[in-house]
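Numbering (the working numbering), first residue to last: 904 to 1212.
What follows is the structure, encoded as structure tokens:
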């Protein structure tokens, strides 16, 4: 057994009732609403989940889905020398939260594997909870006229780039699941490889619910034409930021990263999906880097009471 310190840094099988978890309580409430609502007005329901955020605690049966000895280890994309071609700005982000994880990871593979087991168990726990809510929707009168969107706030490293957690500009942290189900749409269950962002969710709902958009200028764009034709040309890039001067851009097969001091990273996901080789120093990519630099926002709007990373 490997127990870690602090309530947020533990991995534990749970043998008490499922209802001890807020994710289950909220799913139960969502199911009850879908089974009892008889109003004549449209509804907007948000079902939020805590997992797979740490602590990695879930009912034991979800841990039992995985044999720790058979979990791919180290995780795909881990490279002992991965930070050798990463600039100082990337090293800084890699170190965020790092002091809390001393004593495992590279230096303690058993504890590292335990974390991966807990993360997988919690992810399956999430899948089960979402499935219960979707089943309730499909058994209700609202199945054919309800838009469903499933997404998350950030991705997560479990050792890649020598990092555990979020707060980076690499793919593992910046990429999130985004599933959309629109009534009457084709290509159900298909994967679209266009780069869209969470900023595009609001205009999607406006366009498909017949709503009046906010009068302010929107940076998001309705991606629902992609649901009609997955091959629709979509050249719009997605931008991620983590504090002033720290940006990444994902466009097609490329991810470009820029730090406050002008340091850069460039990865070709077609040949390097785990971002192991930084191509920013290769002269053949000079024009591509100029293109991506032109996409970086030039004005930073200071937050009110926000924190700096």
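Just so you know, even glycine gets a beta-carbon here, dropped at the ideal spot from N, CA and C.
All figures in this text were calculated on a predicted structure; none of them were measured in a lab.
Determine the contact status of residue 924 and residue 958, defining contact as a CB-CB distance below 8 Å. Numbered from its first residue, the chain shown carries residue 924 at position 21. Numbered from its first residue, the chain shown carries residue 958 at position 55. Not in contact: residue 924 and residue 958 (Cβ atoms no closer than 8 Å).
Residues bridged to residue 1060 [DSSP beta-bridge criterion]: Taking the first residue of the chain shown as position 1, residue 1060 is located at position 157. Residue 1060 pairs with 1068.
Would you grab the beta carbon distance between residue 1198 and residue 1143 for me? Rounded to a whole angstrom, and I think it's under 8 Å. Position 295 of the chain shown, counting from 1, holds the residue named residue 1198. Position 240 of the chain shown, counting from 1, holds the residue named residue 1143. Wrong, their Cβ atoms sit about 12 Å apart, outside the cutoff.
Starting from the Cα of residue 1075, find the closest Cα among 1035, 1121, 979, 1041 and give me that residue. On the chain shown, residue 1075 is found 172 positions in, with the first residue counted as 1. The shortest Cα separation from residue 1075 among 1035, 1121, 979, 1041 belongs to 979.
Cβ neighbour criterion (16 or more within 10 Å) applied to residue 1065: If you number the chain shown from 1, residue 1065 lands on position 162. Residue 1065 is buried by the Cβ-count criterion.
Taking the alpha-carbon of residue 991 as reference, which of 1174, 1067, 1161 has the nearest alpha-carbon? Taking the chain shown and counting its residues from 1, the one referred to as residue 991 is at position 88. The shortest C-alpha separation from residue 991 is found at 1161.
State yes or no: is the C-beta of residue 965 within less than 8 Å of the C-beta of residue 1027? Within the chain shown, residue 965 is the residue found at index 62, counting from 1. Within the chain shown, residue 1027 is the residue found at index 124, counting from 1. It is a contact, given that the beta carbons lie within the stated cut-off.
DSSP state of residue 1142 mapped onto helix, strand, coil: One-based indexing of the chain shown puts residue 1142 at position 239. Looking at residue 1142 - three-state DSSP - the assignment turns out to be strand.
Distance between residue 1098 and residue 1137 (C-alpha atoms, nearest Å): The residue you call residue 1137 lines up with position 234 of the chain shown. The residue you call residue 1098 lines up with position 195 of the chain shown. Taking the straight line from one Cα to the other gives about 8 Å.
Kindly indicate which three-state DSSP category residue 923 falls into: helix, strand or coil? Position 20 of the chain shown, counted from the start, is the residue given in the question as residue 923. DSSP places residue 923 in helix when its eight states are reduced to three.
Would you report the Cα separation of residue 1054 and residue 949, rounded to the nearest angstrom? Stepping through the chain shown from its first residue, residue 1054 is reached at position 151. Stepping through the chain shown from its first residue, residue 949 is reached at position 46. Going from the Cα of residue 1054 to the Cα of residue 949 covers about 11 Å.
Near residue 1060, what residues of its chain come up, given a Cβ to Cβ distance below 8 Å and the 5 sequence neighbours on each side ignored? In the chain shown, residue 1060 corresponds to position 157, counting from 1. So the list reads 1066, 1067, 1068, 1069, 1071, 1073, 1075, 1076, once near-sequence residues are dropped.
Shortest alpha-carbon distance to residue 1155 belongs to which of 1043, 1173, 963? Numbered from its first residue, the chain shown carries residue 1155 at position 252. With distances taken between Cα atoms, residue 1155 lies closest to 1173.
Mind checking which residues open and close the alpha helix (DSSP H) that includes residue 1116? Position 213 of the chain shown, counted from the first residue, corresponds to residue 1116. That residue, residue 1116, is in no alpha helix (DSSP H); it is neither H nor E in DSSP.
What residues in its chain sit with their C-beta under 7 Å from that of residue 1021, if we drop five residues either side in the sequence? Locating residue 1021 in the chain shown gives position 118, where the first residue counts as 1. Counting only Cβ-Cβ distances below 7 Å, and skipping sequence neighbours, we find 914, 959.
Can you give the Cα-Cα distance for residue 1200 and residue 1080, rounded to whole angstroms? Sequence index remark: in the chain shown, residue 1200 carries index 297 (1-based). Sequence index remark: in the chain shown, residue 1080 carries index 177 (1-based). Rounded to whole angstroms, residue 1200 to residue 1080 spans 24 Å at the Cα level.
With a 10 Å radius around its C-beta and 16 neighbouring C-beta atoms as the bar for buried, classify residue 1018 as buried or exposed. By 1-based counting over the chain shown, the position of residue 1018 is 115. With 16 or more other Cβ atoms within 10 Å, it is buried.
For residue 960, which of helix, strand or coil comes out of DSSP? On the chain shown, residue 960 is found 57 positions in, with the first residue counted as 1. It is a strand residue.
Taking one C-beta from the region 929 to 941 and one from the region 1028 to 1042 each time, how about it: are there three or more such pairs within less than 8 Å? yes
Determine the contact status of residue 1025 and residue 963, defining contact as a CB-CB distance below 8 Å. Counted from its first residue, the chain shown places residue 1025 at position 122. Counted from its first residue, the chain shown places residue 963 at position 60. For residue 1025 and residue 963, no; Cβs fall outside 8 Å.
For the alpha helix (DSSP H) that residue 1151 lies in, which residues bound it at each end? Looking up residue 1151 in the chain shown gives position 248. It is not in any alpha helix (DSSP H) - residue 1151 instead sits in the beta strand (DSSP E) that spans 1150 to 1154.
I need the DSSP call for residue 1205, collapsed to helix, strand or coil. Taking the chain shown and counting its residues from 1, one reaches residue 1205 at position 302. Three-state result, residue 1205: coil.
May I have the straight-line CA-CA distance separating residue 973 from residue 1016, to the nearest angstrom? Numbered from 1 along the chain shown, position 70 holds the residue referred to as residue 973. Numbered from 1 along the chain shown, position 113 holds the residue referred to as residue 1016. Rounded to whole angstroms, residue 973 to residue 1016 spans 10 Å at the Cα level.
Run of the beta strand (DSSP E) containing residue 1026, from where it starts to where it stops: For the purposes of this step, residue 1026 is taken as residue 123 along the chain shown, with counting starting at 1. Counting along the chain, residue 1026 falls outside any beta strand (DSSP E), though it belongs to the alpha helix (DSSP H) covering 1012 to 1041.
Is the beta carbon of residue 1100 closer than 8 Å to that of residue 1141? Position 238 of the chain shown, counted from the start, is the residue given in the question as residue 1141. Position 197 of the chain shown, counted from the start, is the residue given in the question as residue 1100. Yes.
Residue range of the alpha helix (DSSP H) that residue 1131 falls in? Within the chain shown, numbered from 1, the residue matching residue 1131 stands at position 228. Taken as a continuous stretch (DSSP letters only), the alpha helix (DSSP H) holding residue 1131 covers 1128 to 1131.
Cutoff 6 Å; reference residue 1032; Cβ partners in own chain excluding five residues on either side: Against the chain shown, residue 1032 aligns to sequence position 129. Cβ within range, chain order: 926, 930.
Do residue 969 and residue 1023 have their CB atoms nearer than 8 Å? Here residue 969 refers to the residue found at position 66 when the chain shown is read from its first residue. Here residue 1023 refers to the residue found at position 120 when the chain shown is read from its first residue. Cβ atoms of residue 969 and residue 1023: closer than 8 Å.
Among 997, 1158, 947, which has the Cα closest to the Cα of residue 1176? Mapped onto the chain shown, residue 1176 falls at position 273. With distances taken between Cα atoms, residue 1176 lies closest to 1158.
Run through the DSSP bridge pairs and tell me what residue 1169 is partnered with. Looking up residue 1169 in the chain shown gives position 266. According to DSSP, residue 1169 bridges with 1159.
Less than 8 Å between the beta carbons of residue 1147 and residue 1203, yes or no? Here residue 1147 refers to the residue found at position 244 when the chain shown is read from its first residue. Here residue 1203 refers to the residue found at position 300 when the chain shown is read from its first residue. A contact, by the Cβ cut-off of 8 Å.
For residue 1187, the three-state DSSP class (helix, strand or coil): Position 284 of the chain shown, counted from the first residue, corresponds to residue 1187. Residue 1187: helix per DSSP, three-state reduction.
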